[in-house]
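See structure below.
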Amino acid sequence: MKPIMAYIRRDEWSPYVAGILLGIVGVLAVWLSNSLLGASGAFETMAGMIGKALSPELFNNMYFNYIMPPEITSGVILLIGIFFGGMLGAATSGTLKWGKKDAANSDAQWKQIFGQQTWKRWAVAFVGAIILEYAAGIAGGCTSGLAISGGMLLAPAAFLFIAGMFASGIITAMIVYRKRY
Amino acid sequence: MSTSIVVIALFLGVFFGFALNKAGLTKYHKIVNVFRLTDLAVLKFMMTALIVSMSGLYLLRGLGLVTFPTIPATYIAGNVIGGLIFGVGMALSGFCPGTCAAGAGEGKLDYIVPGLFGFLVGAALYGLTYQYVFPAISAIANVGNVVIPDLWNLSPFLVVLFFTLMSLFLFYLIDRAGLHRTDRG
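Residue numbers (the working numbering), protein chains in the order written: chain P, -5 to 175; chain V, 739 to 923.
As structure tokens, then:
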């Protein structure tokens, strides 16, 4: 029992061990609730809810009325679970950032390459997040909802998505890191 | 939504987020370095998860214990173009929607504020422009909600076996033969 507890408390696991855990969760999603894991869809549902509260006319369209109607879906609950799962993981290794000095940007590599300014990290993260969510809409899902969930069912869409994601991810990293790539 | 669905979704989400944290995917450098090819842990994590889940699901289906939910639709242009745009966002931000939610739970402010808010803005933009973009792009080379074994008339067990052997060979190349770039910082 002791070595298991010690392993759980480690900050980082072997990617193979963590991957097995994610694989089991993927199987259980289908087995227990006939559903797939996902994350980007929940943001669309929530954007519809917030949008309808702020500007009912603008958000009164086909997409937010019928395709992603504004209601708490199991995807939203799943996303809340992911939030607490991340919290639990960091709590077991004592790496929670709540209230810590470096909570605004805790990545040493980022600071080494792009400098200490928080606004720079936040600006790039914000633009990146918008791009990610829009792209997930076009592709039909994100890394969890399409790459993992579609891949485990052997849907061609997942492998096409993964190929595109790695191709442009590598090129983007080359451009952003230039000589330090 | 019944209570059992809420409980199951929460349970799945917690273990999902926990796995993302322990795999290191809630860290900017971990995600970006897979694109720099200096640390391929993200790739190993994803492929291991796929091996386990595809084996488990096709085995359970073979035993008649599960039926598959709706298969994510394949429309070649949209899947690829979406993936291409997605990779740009992922290499810039160092997260994706799932890992950002998990990182937000850890208390990382760059995940909570620009991250979660950015996803909501992106989702709003997508929903507001959906009708001008999606119907056209999803009509190109649309093969529907299919899986590879049905599309190419192959035994699913052979496809899973092929994916597994290919992945294990890749793991061997990465871990034993040192197939990755060295970080020159």
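Here a beta-carbon is modelled for each residue, glycine too, at the ideal position from N, C-alpha and C.
Would you call the CB atoms of L126 of chain P and G860 of chain V closer than 8 Å? At the C-beta level, L126 of chain P and G860 of chain V come within 8 Å of one another.
Is the CB-CB distance between A747 of chain V and G75 of chain P below 8 Å? Remark: C-beta atoms of A747 of chain V and G75 of chain P approach each other more closely than 8 Å.
From the DSSP output, which residues share a beta bridge with Y813 of chain V? Partner(s): V:N880.
Quick check: F153 of chain P and G145 of chain P, are their CB atoms within less than 8 Å of each other? Yes, Cβ-Cβ distance for F153 of chain P and G145 of chain P is below 8 Å.
According to the Cβ coordinates, are F833 of chain V and I769 of chain V closer than 8 Å? In this structure, I769 of chain V lies closer than 8 Å to F833 of chain V by Cβ.
Would you be able to state if there are at least three C-beta pairs under 8 Å between the stretch 905 to 919 of chain V and the stretch 814 to 826 of chain V? Result no; under three Cβ-Cβ pairs closer than 8 Å.
Short of 8 Å in beta carbon distance, which residues of its chain neighbour G825 of chain V, apart from the five on each side in sequence? Order them along the chain. These residues qualify, in order along the chain: F773.
Between which two residues does the alpha helix (DSSP H) carrying E844 of chain V extend? Annotation: E844 of chain V is outside any alpha helix (DSSP H) and is labelled neither H nor E by DSSP.
Output needed in chain order: residues of the stretch 135 to 155 of chain P with a Cβ under 9 Å from some Cβ in chain V. The residues in question are G135, C136, T137, S138, G139, L140, A141, I142, S143, G144, G145, M146, L147, L148, A149, P150, A151, A152, F153, L154 and F155.
Buried versus exposed call for G93 of chain P [16 or more other C-beta atoms within 10 Å across all chains shown]: Around the beta carbon of G93 of chain P, fewer than 16 other beta carbons sit within 10 angstroms, so the residue counts as exposed.
Taking the straight line between their C-alpha atoms, what separation do you get for Y57 of chain P and F806 of chain V? Approximately 26 Å between the Cα atoms of the pair.
Since Y910 of chain V meets chain P, which of its residues come closer than 9 Å, beta carbon to beta carbon? Residues of chain P passing the Cβ test: none, with the nearest at roughly 12 Å.
So which residues on chain P does Y870 of chain V lean against when the C-beta distance must stay under 9 Å? The premise fails here: Y870 of chain V is roughly 11 Å from chain P at the closest Cβ pair, so nothing lies under 9 Å.
Relative to chain P, which residues along the stretch 758 to 773 of chain V have a C-beta separation below 9 Å, given in chain order? The residues in question are L758, N759, K760, A761, G762, L763, T764, K765, Y766, H767, K768, I769, V770, N771, V772 and F773.
What span of residues does the alpha helix (DSSP H) with E127 of chain P cover, start to end? Boundaries of the alpha helix (DSSP H) around E127 of chain P: T112 to A133.
Got a sec: which bits of the stretch 897 to 921 of chain V sit with their beta carbon under 7 Å from any beta carbon on chain P, in order along the chain? Under the 7 Å Cβ criterion, the stretch 897 to 921 of chain V contributes V897.
Contact between the stretch 102 to 114 of chain P and the stretch 785 to 804 of chain V (3+ Cβ pairs under 8 Å): As far as the Cβ criterion goes, the stretch 102 to 114 of chain P does not touch the stretch 785 to 804 of chain V, which means the pair count is below three.
Considering only C-alpha positions, which residue in the set V:N891, V:T867, V:A829 and V:G843 is nearest to L775 of chain V? Closest by alpha carbon: V:A829.
Between the alpha carbons of L758 of chain V and G80 of chain P, how many angstroms are there, rounded? If you draw a straight line from the Cα of L758 of chain V to the Cα of G80 of chain P, it comes to about 7 Å.
Quick one: what's got a C-beta closer than 8 Å to I819 of chain V's C-beta in the same chain, skipping five residues either side? Correct list, in chain order: I875.
Taking L140 of chain P and F120 of chain P to be in contact with their CB atoms under 8 Å, please state how far apart those CB atoms are, rounded to whole angstroms. By a beta-carbon distance limit of 8 Å, L140 of chain P does not contact F120 of chain P. Their separation comes to about 23 Å.
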